[in-house]
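See structure below.
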Amino acid sequence: MALTETEENDCSGEGGGEAEVVAKACLLGEFRESAEARALLCSLPEVHGNTTTRDVATEKFLVIMDRYQEQPHLLDPHLEWMLNMLLDLVRSEKSPPMLVHLSFKCLYIISKVRGYKIFMQLLPHEVADVQPVLDLLSRQDPKETEIWETRYMLLLWLSMTCLIPFDLSRLDGHLGSEAGQTREPTMDRILSIAKSYLTVSDKSRDAASVLVSKFMTRPDVKLKRLGDFLDWCLTTISQTNDQSVAGIMVLDGALKSLAQLFKHGKRDDFLQYAPTVLQCLERKRLSESSQAMLRKFGVKLIQRLGLTFLKPRLAKWRYQRGSRSLAANLAVSQATTTVEAVTPDVEMRDQDEDYDIPEEVENVIEQLLVGLKDKETIVRWSAAKGVGRVTGRLPKELADEVVGSVLDCFSFQETDNAWHGGCLALAELGRRGLLLPSRLRDVVPLVLKALTYDEKRGACSVGSNVRDAACYVCWAFARAYEPPELIPFVNQIASALLITAVFDRNVNCRRAASAAFQENVGRQGTFPHGIDILTAADYYAVGNLNNCYLTISVYVASFPEYTKPMIEHLVAMKINHWDAVIRELATKALHNLTPQAPDYMAATVLPQLLPVAMGIDLHSRHGAILACAEITHALHKLGTHNNRSVMDYISSECVDGLKSIHQKIFDRKQYRGLYGELMRPAVCTLIEKMSLSQMPFKDDPIITDWQWLVDDTLKSLHLVSTGSRDAITDAAVSALAALCVQYYQTETGPADPKMQEVLVSQYVEGLRSPVVLSRCGSALALGCLPRFMIVGKLQQILEGLQQACKASKKEVSFTEARRDAIRAMAQVCLTAGVQANGSADSAVCVENVAGVYGALLNGMDDYTIDSRGDVGAWVREAAMSSVLDVTLLVVNNAPELLSPDLVQCMMRCLAQQAAEKIDRYRAHAGTVFLQLLHSTEPAVPHIPHREELLDIFPVETSVSLNWNAPSQAFPHITQLLRLPRYQYHALLGLTVSVGGITESTVRFSSQSLFDHLKGIQQDPTALGQFGDTLLSIFRDNIRNDRVSIPLLKMLDQMLANSCFEIFTTQDDHPFCVELLALCKEFKKSKDFAKLRCCIDVFCGLVQFPGEVRKKVLLQLLMMLCHPFPVIRKTAASQMYEMLLTYDDVIDPEVLDDAMTLLSDTNWESDIATVRTHRNQLCDWLGVTRPQVIAKSPVD
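Encoded structure:
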């Protein structure tokens, strides 16, 4: 690819980061595909005849050209030869129509990339080209949709030929023809073609408007045809209905052509027609049309009419910056003189006042101002440019009135569309020097409001486009004004831009603000700490929202000029934001900013937030409660660092206000319903932060109220929406942990006995709740208790959790409860610690360690499935994580608690999980397995086959092995089949993977398994042991569809790949006999999938000689009379393939008859008919006919 080569070869730079930036800045250096493009164009005569080759060539050329969309100027040296090659094909009389069209299509692709305005200038425009182009256009069908590129390029070409400096009548010669009819003049032919293509529905309409602008402005044409054409356009506009698709296309063409005419024509020629056109547009009321494109071209035409009414003079009163050079601005400190702005003189002002402005201009400006409020951006943008252009020709006083009208858009009674259009207009006026410095005191406050404009609409808000346009205004001001003009507003603009760059929700606005700030730093040079801030808040850094709120904001606020504005913005605009993520980030940002202004936070912000925390608005209340909590905690941490109490910062009134928040919310019943989904986690966070801040509330009644809220929240999780449940649970659990540590511990260290008994008994009882989520809450509450609350109650807690981990038949659906109970058990063990000979009520010891591991290892065998899928995987994942945590804890403190049998069982279970089919859980199991295997300080004792495992999984595999990739994981896992103690469990996990449905998992797992089997093909002992293990798995899981069906699929693959070929040398090998007996267990099943898999295995077992073959054939023949027609049909099809594969099964003399019978019989017909054919097959195969067993009569 050209891009890659250029990045590597053309862009050099020293230093990693700098080189990367340079590489992005100069992607392409030249048209590298010149030779490839030339070859493609030369091949057009050969490829045009075939549709496929033609499309391939066009697509290749399009791909080459599209690479230069952003740097089209690189094509300039090559445009001429490409154009000539293609026009030669067009002009050749030998070129068939399809080749001509293909050439024009390539021309269109080039013009699209380079831009038609540049490209059309290269088209030949001699007198000799006029008639051929006209003739080609005359032969085109405007309704032909496949070759519109040809018509488009011909119209552009005709536009250029119209520029010949001769009267078109001289091209007509003698207009008489041989038939005595008068030939149409060239002028009329061109005009009729232009009119016809202005009404088409394809892109040719755009080219036709360009043709009109070139043709109608010719001296000879405008004298004879301009008035008539304008009449035609106005009649078309007046009489066409914009409610139909065809009418919209016609109006679009007429408006576009008029806009082009008034843009390119001379003012003196069009001034007389302008009032009439304006009146027609007023009557048409295009601003009320539902079509954005019509409104856009209406605004574009109106601004051109306005420019026609006004003399083409540049306003001398405009503000002109003395130097627009960035280098000159940076060197201003070294200059001996400063460049001053050019000010208007009195004489020019007098000339302006003497100039009469037509009455129509007022109407034009009014319509442009209406366009600024349009609902579509393209219309507002066109209107803004029109306001700038028209204002530039007005006298100073009238221009100032226009500016005032634009400022009226910035009213909170106006919509976001008006604010956006007003910002665009201000940027245009400022860019053109039409916004005088005297107006800045009015404009800047409005721009600052626009930078934070955010109007809530339903569940979201509007205003990101307004903020983005306000950034554009600031960017334009940086280029438009001298630094002294903006000095009074520097701090305001800098703070507002930084606030938008750091705190705006929309990434485009943050980046726009960063770019505007950078432009001001470079052009103005007066922004405080500009360069330092830009290094931290550049275009890429502000792309991450969390980074902006939590990191960049802290750095920016370290400069005193920005500290308070940032805090004030967060308090005023962000803690009440409609998006909960923004509210939470804002409160965390306030926490981080508190050390920058602690006194201001404590004395001003906190008292300001407390009334809001008990106010009416839900979002404001939620954000204010979180903000109060975060600020208080930050003040506590700051006080701890300075050896001060949090009470030294916060007034007693604020403390009382913080205590009263819960009671007021409770009294208003705002913990219920949707209110509760925000209030419960917010107040729980407040409880946590108050506790962490060591507020002096011990033995205060508020603690009882807080405890009630935590308990009620954990009991009411089933009443909360799924999306909010996790956040509420985490907040309640964190609050409980902090509450216990701060308020439930006696001064001497132990827990308050009363509270310990109440809480532990309450949560253990909650583990038996009939509501699954109440169990989850109780389990998580037990898991978060501090050690002093557990001591003396450990056995009671562990027994309750172990009971909650059991998947009884009645409680099999309580998956989430089992998951959280397992997590809680591990957390309780980690909190309590390990003492080998300690008390079972105080620590993990020899008395309770077996029960803990028993529950965790049972959790790894949870395969519960419901409507959500394999939900048991949640329990297995939690069990694996918990096993790792508990094992490392025990190994570090009392490794003697780990018996060899326990470690062996643990490692086997992990090996099974590491071989299963779901990537995420396989990866988790593999990671845990390797962590235990590679643990060295100290090592996990009694791991079976440790040395062999380290050979399979060297230490470096813990980093290099990607367990999520089946191609990497299974080659390692299958090596465990060589280790006797792991063989059963590893094969059990592989069975589910090999017999699964995920293509990549099946491919790589089966490939690895077959590679292992090939390695033991010549070792009867190893293969026999593998077969015995396989039969054990089959026997143990014969009623478990999760294993049995994948096992049958795996067996089918093994038999098809001759993995047990060594057993075929012995008649009636025990493996085959046992396998057949196990498969026969399924013949009465009603599961289609299981029966089909059995048929496949039976067909594979035919390869084994002896009496077992006849038994297998008997089972297959019985399947031919199965009650289910689809099973009979499947059995016949599989038997047909089996007879083709194993030709020694049947006598060759009757083989053809048997194959014919199997393929031609309708096995889905009634059983009586089918049985006759089945019995014939029995005779041919030498198998005893199955006898129908009559049902005994019921007495």
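Under our numbering, residue 1186 is the last one in the sequence shown; the count climbs by one each step, no gaps. Yeah, the Cβ is synthetic: ideal placement off N, Cα and C, and Gly gets one too.
- Residue burial annotation: Y531 is exposed, with fewer than 16 other C-beta atoms found within 10 angstroms of its C-beta.
- For E279, no beta strand (DSSP E) run applies, since DSSP gives it neither H nor E.
- In the DSSP assignment, S452 falls within the beta strand (DSSP E) that extends over 451 to 453.
- In the structure shown, the three-state DSSP call for D365 is coil.
- One thing to note: Q786 has its Cβ no nearer than 8 Å to the Cβ of A841.
- In this structure the stretch 870 to 882 touches the stretch 921 to 935; the number of beta carbon pairs closer than 8 Å is three or more.
- As a beta-bridge residue in DSSP terms, A742 pairs with Q736.
- Of all C-beta pairs linking the stretch 365 to 382 to the stretch 417 to 425, three or more are shorter than 8 Å, placing the two stretches in contact.
- Straight through space, the alpha carbons of V755 and A772 are spaced by roughly 10 Å.
- In the three-state reduction of the DSSP assignment, K302 falls in the coil class, being assigned neither a helical nor a strand state.
- Ranked by how close their Cα comes to the Cα of Q895, the residues A914, L848, A906, L576 have L848 in first place.
- Here H568 has R574 as same chain residues with Cβ atoms under 6 Å from its own Cβ, once five neighbours each way along the sequence are excluded.
- Inclusion of V843 and M871 in the CB contact set at 8 Å is not warranted, their separation being larger than that value.
- The beta carbon of A808 sits closer than 7 Å to the beta carbons of V763, R766, C767, A770, A795 from its chain, once the five residues preceding and following it are set aside; these are given in chain order.
- E679 counts as buried, since no fewer than 16 other beta carbons sit within 10 angstroms of its beta carbon.
- Annotation: L1066 to L1022 spans about 7 Å, alpha carbon to alpha carbon.
- Close CB contacts of F1025 within its chain, under the 7 Å cut and outside five residues either way in sequence, are with L1038, L1069 (chain order).
- For the options K213, L272, T208, the alpha carbon positioned closest to that of K254 is the one of T208.
- Boundaries of the alpha helix (DSSP H) harbouring K555: 551 to 560, taken from the DSSP string.
- The shortest CA-to-CA distance from S858 to any of Q903, T806, S195 is the one to T806.
- D158 has its alpha-carbon roughly 28 Å from the corresponding atom of P133.
- For the pair M111 and D347, the Cα-to-Cα distance works out to about 40 Å.
- In the DSSP annotation of this structure, the continuous segment of the beta strand (DSSP E) that includes K447 starts and ends at 446 to 448.
- C-alpha of T227 to C-alpha of E140: approximately 26 Å in a straight line.
- With a threshold of 16 other beta carbon atoms within 10 Å, C33 falls short and is exposed.
- Here the stretch 34 to 43 lies against the stretch 84 to 97, with 3 or more beta-carbon pairs under 8 Å apart.
- Under DSSP, V835 forms a beta bridge with V825.
- Secondary structure of Q599 (DSSP, three-state): helix.
- Three or more Cβ pairs closer than 8 Å define a contact, and the stretch 463 to 473 meets that threshold against the stretch 505 to 516.
- Here the stretch 600 to 615 makes no contact with the stretch 583 to 590; the two share fewer than three CB pairs at distances below 8 Å.
- Shortest Cα-Cα distance from Y591 to any of H64, S642, P945, A119 involves S642.
- Distance between Q736 and V674, taken at the CA atoms: about 22 Å.
- About 5 Å separates the CB atoms of F518 and A485; that is less than 8 Å, so the two are in contact.
- For D529, DSSP records no beta bridge to any residue.
- One alpha carbon belongs to S455, the other to Y444, and they sit about 8 Å apart.
- The count of Cβ pairs closer than 8 Å, one atom from the stretch 228 to 235 and one from the stretch 176 to 184, stays below three, leaving the stretches out of contact.
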